[in-house]
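Residue numbers (this note's numbering), protein chains in the order written: chain D, 707 to 1132; chain C, 463 to 864.
Note that the Cβ used here is the ideal one computed from N, Cα and C, for glycine as well.
Have a look at the structure below before the remarks.
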Amino acid sequence: MTAKRDKFGRPIVVVTGMGVVTSLGAGKADNWKKLTAGESGIRTITRFPTEGLRTTMAGTVDFIPIEPFSSTDLSERLGELAAEEAVAQAAIGAKGDFPGPLFLAVAPVEVEWPQRQELGRAIGAGTEVDYDAMLRVSGGGRYTQYHQRFLFGSVADYLAGTFGTKGSPISLSTACASGASAIQLGVEAIRRGEADAALCVATDGSVNPEALVRFSLLSALSTHNDPPQAAVRPFAKNRDGFVMAEGAGALVLESYEAATARGATILGIVAGCGELADSFHRTRSSPDGKPIIGCVRNALADAGLASDQIDYINAHGTGTPENDKMEYLGISSVFGERAKQIPVSSNKSMVGHTLSAAGAVEAVFSLLTLEHQRIPPTINYDVPDPAIPFDVVPNKARDARVTAVMSNSFGFGGQNAVLILTREPV
Amino acid sequence: MTETKSSNPASAEVWITGIGLATSLGEGLDAHWDALNQRRINVDEKSFAPHIVHPWAPINLDTQIPKKGDQRQMEAWQRIGTYAAGLALESAGIKGNKEILARMDMIVAAGGGERDLAVDSNILNLEAKGNSAPGFLNERLMNDLRPTLFLAQLSNLLAGNIAIVHGVTGSSRTFMGEEAAGVDAARIALARIAAGQSDIALIGGSQNGERKDLLVLYEFGGFNLKDKFVPVWARGKNGGFALGSGGAFLVIESRAHAEARGAKPYARLTNVVADMARRRHPGEVTSALEGLWSKLGKLADKGAIITGATGAEPATSEESAFLGAHPGFAVRATGTMFGHTMETQFPLGLALAALSLSRGALFPPNDPTGLEVEMSTPPTQIVVIGTGHWRGEGMALVEAIR
Chain D
707 MTAKRDKFGR PIVVVTGMGV VTSLGAGKAD NWKKLTAGES GIRTITRFPT EGLRTTMAGT
767 VDFIPIEPFS STDLSERLGE LAAEEAVAQA AIGAKGDFPG PLFLAVAPVE VEWPQRQELG
827 RAIGAGTEVD YDAMLRVSGG GRYTQYHQRF LFGSVADYLA GTFGTKGSPI SLSTACASGA
887 SAIQLGVEAI RRGEADAALC VATDGSVNPE ALVRFSLLSA LSTHNDPPQA AVRPFAKNRD
947 GFVMAEGAGA LVLESYEAAT ARGATILGIV AGCGELADSF HRTRSSPDGK PIIGCVRNAL
1007 ADAGLASDQI DYINAHGTGT PENDKMEYLG ISSVFGERAK QIPVSSNKSM VGHTLSAAGA
1067 VEAVFSLLTL EHQRIPPTIN YDVPDPAIPF DVVPNKARDA RVTAVMSNSF GFGGQNAVLI
1127 LTREPV
Chain C
463 MTETKSSNPA SAEVWITGIG LATSLGEGLD AHWDALNQRR INVDEKSFAP HIVHPWAPIN
523 LDTQIPKKGD QRQMEAWQRI GTYAAGLALE SAGIKGNKEI LARMDMIVAA GGGERDLAVD
583 SNILNLEAKG NSAPGFLNER LMNDLRPTLF LAQLSNLLAG NIAIVHGVTG SSRTFMGEEA
643 AGVDAARIAL ARIAAGQSDI ALIGGSQNGE RKDLLVLYEF GGFNLKDKFV PVWARGKNGG
703 FALGSGGAFL VIESRAHAEA RGAKPYARLT NVVADMARRR HPGEVTSALE GLWSKLGKLA
763 DKGAIITGAT GAEPATSEES AFLGAHPGFA VRATGTMFGH TMETQFPLGL ALAALSLSRG
823 ALFPPNDPTG LEVEMSTPPT QIVVIGTGHW RGEGMALVEA IR
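Right under this line is the structure:
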C-alpha cells in the first residue's frame, strides 16, 4: 500500500471511521453480531396505532426515546449517533471540529401529523378547520421552533454544527439510493482535491402513519405481519414487498495520503462509484434492465475492476417482487454465468429497508464483511425462486475470502447507485 | 466556518449554454427580458390575503410535457420544474439529443411535500368533531390519499420526472435544504465539470408559491410578507418574503464540450462558493459574504450584482451592510420581481446573470430606496448572491464571453 493515487491518477479514498444504528441496535459491534447470527430487527409497530393498516410491522428504532416524536427528530438523532461512532473511530480533528464537508442523505422533511393536529386544536372547536384557519394560528411566534425543525436543511444544519464540518453542508435525496449518493459525493470531493476528509451520513426515521400509508398505497410493502421477523424475504419466491425500517450509517472518508500521514487505521477503500438514472417509470425499472446494467458497469469502470474481481454482492434486495427480479437481471447481464456462483445477500432481510439510510448502512456492513471475512446471510429464504438462481447465502452467515464488494442501491424516481468497496487499494 | 479548499486551479472552463425560465413573469428569455426592462411584477395580494404570492404565469404545459398522463402524475412544483428544464434543454440545442441526454448529469435543488389540502382539512375537521379512535388517522389516509400523491411530493421526483419526460439520465441527484440547495447544485455541478468528472449538466429548481401549506411553514417563523407588496429593500425591520413561483434551469458544460458540438454560450460560470454561518451573532452573514467575495476571483470595479436577498431579517440588513461596503456595483434583487422562490432563487440569479451578459446590458433597477442604481455600461462580470432566509450563504461569478 504505497501508491497514494489509483490507476487513474486520482487520490485514493479510504474509510477511517464507521458508525451504524439499525433496528438491531446501536453500533457496529452489536449490529454485526446480530446480523451474522441471522437475527431480524423487524417488529410489530407500537409507536402508533396500527388499526386500519395493511402492514403493521417495521424495523423501528424504539430504543432511542424521542419525545414528542417526529420522524425528523429521530432522523437527526440517529444520524448523530452514527456520525459520533464514525468520528470517534477515525479519531480525526478535534471535538466539534471535523476537517471537511458534510454530505447528508436524509428523507425529505415535512410538517408531520402531530404538528398539523396541534394547529387543528389551536383553531378551536366550532370553527371550520382548513388551511386558511391553520395559517391564522401559525404565526405570532407561537410555533417558531417548527419553522426551523421542518426546513429541509435542518438536520444537516444540526449535524454540521455539532460536528463542526466545514463549508456548506449538503442534504440530498436520491430516494433509496441516497446513502450511496452521499458517499459518492464525498468520494468525488476528495478526488477533486477539494477536501482531505469528508463526513458522509445517511439517516432515516420515517416510520410514521402517513409514510407507511404512502408506501402501502403504492403496494410496495410486505403484509406478512405475523411473525414480523419473517416478513422480509428477499429473492424468495414468496416475497411480497419491502418492510420500512429506520437507521443511520456514517463513514469518515479521507484521502489515502491524509489518512496515512496522520497514522489513521484504514478500514477499507471506496474504489468506485457508479450511477445512472432510469427514465422508464416513476416507481418501476426499465424492463430491459439497461439502467441497472449500465450503473453496475459504471461502478466497475470507475473502480477499474472487472466483474470477476468482485467476490461478494451486497444486494439492494428489498424483497419486492419487481426489485429482486430486476436486480437479478442486472447482475446476471454483467456477471454472466458467475451470477449463479457469486454470493449475493440482502442485509434488508434482517434490518428492513432503511430507505434514505440504506446505501450507507449497507456500505458499513459491506466494509465489516471485508474486515471479518464473513458474509451476512439472507434470512427468511425458505422457498427459492427458480427465476432468481443467486447464491443468496441462505439463512446462515458464511466465512469467505472477500477482497472486493459491490453494494447496490436502486430507488424510486429511477435512482440507481452502486459502490465498490475493497480491503486494499486496487 | 471556513470554506473547504477550492478546486484545482488548472481546471476546465465552464460555459452556460442553456437557460430555461418559466416564472411569474412568463416563459422564455425574450418574455423575461421584456418584463424586466418594463419593471413588470406579477403579484397576487388577494388570493392568499393577508399573504402575498407571485403566481406562476399561465402557459401551455403541452409544449414541454406532451403527455397528459405525465402532467397528471405531478403536482404543480414538479410541472413547473419539468417545464423549465425542457426550456433549458431546448435553449442549449440538445432537446431530444439522446446521445447527450443519456450521459448528461443532473442536479436538482428541490423542496417537495405539496399537500392535498382537502384531505388534510377534512381529517382535522373530523378529529375536531370527536373522531379520535385509534386508527382513525390511518383509515382516513388509506382511503383519502391518492395513491400517486406521494410521488408528486417526493423531492427527488422532480429529477425523476425530468428523466422521464426529457430523457436526462446520466445521473440524477437532488439536493434539499432551501436556498443553499440551489447554490450547492451549481457549486457541485461546476466543480465536477471543472475537474473533468462530468462534461455537461442540467441544474436548477422550481417552486410553486401558491401553496398554503408552504405559507404555514414560513408563517411559523414569521417570514411571510403581509398586506401590501413592497420591493425587497424597502421592507424594513419587519420584512419578509412573498413566495414566488417559477422554475429556473441551466445547461452548463465544459467549453471543449460546447465547442465540439458548436454550442453558443450565454456566459461563463467562473466560480461558485458557499458557506454556512451559524448566525449566532449579528454581523456573521455580512462577514460570511465578505469571505465568499474574496474567494470569487478577480473582480473588476463597477460591476453588477444580482442577489436573491429575501427581505427577511436580519439576513437582508446584513447583506445590505455587505453591499454598502462595495459601492460602485449595480445591484438587482430578484426577490422584488419574482418573489422568493427558495431553492430556485440562486439558479434564477445565475440565469438572469447569463441572460444579461448575453444581451450586453443589465436590466433596470426596481427599487424606491436607491440601493439599486442604473448601469449604463455593458456588464462583463455579474456576481450572483444567495443569502438564505435562515441559513446558507452562496456566491457565484458569471462572466461575459467575448
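Buried or exposed (CB count within 10 angstroms, at least 16 for buried), residue i
{"i": "residue 770 of chain D", "result": "exposed"}
{"i": "residue 797 of chain D", "result": "exposed"}
{"i": "residue 1043 of chain D", "result": "exposed"}
{"i": "residue 1130 of chain D", "result": "exposed"}
{"i": "residue 934 of chain D", "result": "buried"}
{"i": "residue 1088 of chain D", "result": "exposed"}
{"i": "residue 700 of chain C", "result": "exposed"}
{"i": "residue 1079 of chain D", "result": "exposed"}
{"i": "residue 784 of chain C", "result": "buried"}
{"i": "residue 740 of chain D", "result": "buried"}
{"i": "residue 707 of chain D", "result": "Note on residue 707 of chain D: pLDDT 45, under 50, position unreliable in the model; the coordinate value appears next. That one is exposed."}
{"i": "residue 855 of chain C", "result": "buried"}
{"i": "residue 531 of chain C", "result": "exposed"}
{"i": "residue 800 of chain D", "result": "exposed"}
{"i": "residue 762 of chain C", "result": "exposed"}
{"i": "residue 623 of chain C", "result": "buried"}
{"i": "residue 492 of chain C", "result": "exposed"}
{"i": "residue 814 of chain D", "result": "buried"}
{"i": "residue 719 of chain C", "result": "buried"}
{"i": "residue 772 of chain C", "result": "buried"}
Boundaries of the alpha helix (DSSP H) in which residue i is found, first to last residue
{"i": "residue 497 of chain C", "result": "491-499"}
{"i": "residue 748 of chain C", "result": "746-757"}
{"i": "residue 539 of chain C", "result": "538-553"}
{"i": "residue 724 of chain C", "result": "That residue, residue 724 of chain C, is in no alpha helix (DSSP H); it is neither H nor E in DSSP."}
{"i": "residue 533 of chain C", "result": "530-534"}
{"i": "residue 675 of chain C", "result": "674-682"}
{"i": "residue 739 of chain C", "result": "No alpha helix (DSSP H) contains residue 739 of chain C, which DSSP labels as neither H nor E."}
Residue i - containing beta strand (DSSP E), residue span
{"i": "residue 657 of chain C", "result": "Taken as a continuous stretch (DSSP letters only), residue 657 of chain C belongs to no beta strand (DSSP E), as it is neither H nor E."}
{"i": "residue 637 of chain C", "result": "635-638"}
{"i": "residue 928 of chain D", "result": "No beta strand (DSSP E) contains residue 928 of chain D, which DSSP labels as neither H nor E."}
{"i": "residue 877 of chain D", "result": "876-878"}
{"i": "residue 810 of chain D", "result": "808-812"}
{"i": "residue 847 of chain C", "result": "843-849"}
{"i": "residue 483 of chain C", "result": "476-485"}
{"i": "residue 713 of chain C", "result": "708-716"}
**OP:** Note down, one range per segment and in chain order, each alpha helix (DSSP H) of at least 4 residues found wholly within the region 1021-1103 of chain D.
**Re:** 1027-1041, 1054-1057 and 1064-1078
Subject >> Contained alpha helix (DSSP H) runs [length at least 4] in the region 767-823 of chain C, N- to C-terminal order >> reply: 777-786, 796-800 and 807-821
Original post:
Using Cβ-Cβ distances below 7 Å, what residues of the region 608-619 of chain C are close to chain D?
Top reply: 609, 612, 613, 616, 617, 618 and 619
Original post:
Which parts of the region 944-1003 of chain D are runs of the beta strand (DSSP E), unbroken and 3 residues or longer, counting only runs that do not cross its ends?
Top reply: 953-961 and 974-981
**OP:** Identify every run of the alpha helix (DSSP H) within the region 717-782 of chain D, keeping only runs that are complete inside it and at least 4 residues long; order them along the chain.
**Re:** 734-742
Original post:
Using a beta-carbon distance cut-off of less than 8 Å, what residues from the region 885-917 of chain D approach chain C?
Top reply: 887, 891, 894, 895, 897, 898, 899, 900, 901, 915 and 916
Original post:
In the region 858-887 of chain D, which residues sit with their C-beta less than 7 Å from some C-beta in chain C, listed in chain order?
Top reply: 858, 859, 862, 863, 866, 867, 872, 873, 874, 875, 876, 877, 878, 879, 880, 881 and 887
Original post:
Within the chosen definition, does the region 1083-1098 of chain D reach the region 1042-1057 of chain D through at least 3 CB pairs nearer than 8 Å?
Top reply: yes
**OP:** Let me know the beta strand (DSSP E) ranges lying completely inside the region 818-865 of chain D, each 3 residues or longer, listed in chain order.
**Re:** none
Subject >> Those runs of the alpha helix (DSSP H) which lie wholly inside the region 884-912 of chain D and span at least 4 residues >> reply: 884-897
Original post:
Would you say the region 968-979 of chain D touches the region 1051-1067 of chain D, given that touching needs at least three Cβ pairs under 8 Å?
Top reply: no
Subject >> Stretch-stretch touch, CB-based, cutoff 8 Å, three pairs: the region 825-835 of chain D with the region 916-936 of chain D >> reply: no
**OP:** Count the C-beta pairs between the region 887-896 of chain D and the region 850-861 of chain D that are closer than 8 Å, then say yes if the count reaches three, no if not.
**Re:** no
Original post:
Can you list, in chain order, the residues of the region 986-1006 of chain D whose Cβ is nearer than 8 Å to any Cβ on chain C?
Top reply: 986, 987, 988, 989 and 997
**OP:** Closer than 7 Å, Cβ to Cβ, to anything on chain D: give me those residues from the region 516-535 of chain C, in chain order.
**Re:** 535
Subject >> Residues of the region 741-766 of chain D with Cβ closer than 9 Å to any Cβ of chain C, in chain order >> reply: 754, 755, 756, 757, 758, 759 and 760
Subject >> At least 3 beta-carbon pairs within less than 8 Å: the region 577-585 of chain C vs the region 807-824 of chain C >> reply: no
Original post:
Contact between the region 872-888 of chain D and the region 816-825 of chain D: three or more CB pairs below 8 Å?
Top reply: no
Original post:
Does the region 686-705 of chain C come close enough to the region 506-521 of chain C that 3 or more CB-CB pairs lie under 8 Å?
Top reply: yes
Original post:
Three or more C-beta pairs closer than 8 Å, one from the region 1117-1124 of chain D and one from the region 519-533 of chain C: is that the case here?
Top reply: no
**OP:** Identify each residue in the region 586-597 of chain C for which the Cβ-Cβ distance to at least one residue of chain D is less than 7 Å, and report them in chain order.
**Re:** 586, 587, 589, 590, 596 and 597
Original post:
Listed in chain order, which residues of the region 711-738 of chain D have Cβ atoms closer than 8 Å to some Cβ of chain C?
Top reply: none
Subject >> Length at least 4, wholly inside the region 578-639 of chain C: the alpha helix (DSSP H) runs in chain order >> reply: 579-590, 598-606, 611-615 and 619-628
Original post:
For the region 629-652 of chain C, which residues have a beta carbon sitting closer than 8 Å to at least one beta carbon of chain D?
Top reply: 629, 630, 631, 632, 633, 634, 635, 636, 637, 638, 639, 640, 642, 643, 645, 646, 649 and 650
Original post:
Using a Cβ cut-off of 8 Å, which residues of the region 664-683 of chain C contact any Cβ in chain D, in chain order?
Top reply: 674, 675, 677, 678, 679, 680, 681, 682 and 683
Original post:
Taking one C-beta from the region 631-640 of chain C and one from the region 546-555 of chain C each time, how about it: are there three or more such pairs within less than 8 Å?
Top reply: no
**OP:** Could you name the residues of the region 1086-1114 of chain D whose beta carbon sits closer than 7 Å to any beta carbon of chain C, in the order they occur along the chain?
**Re:** none
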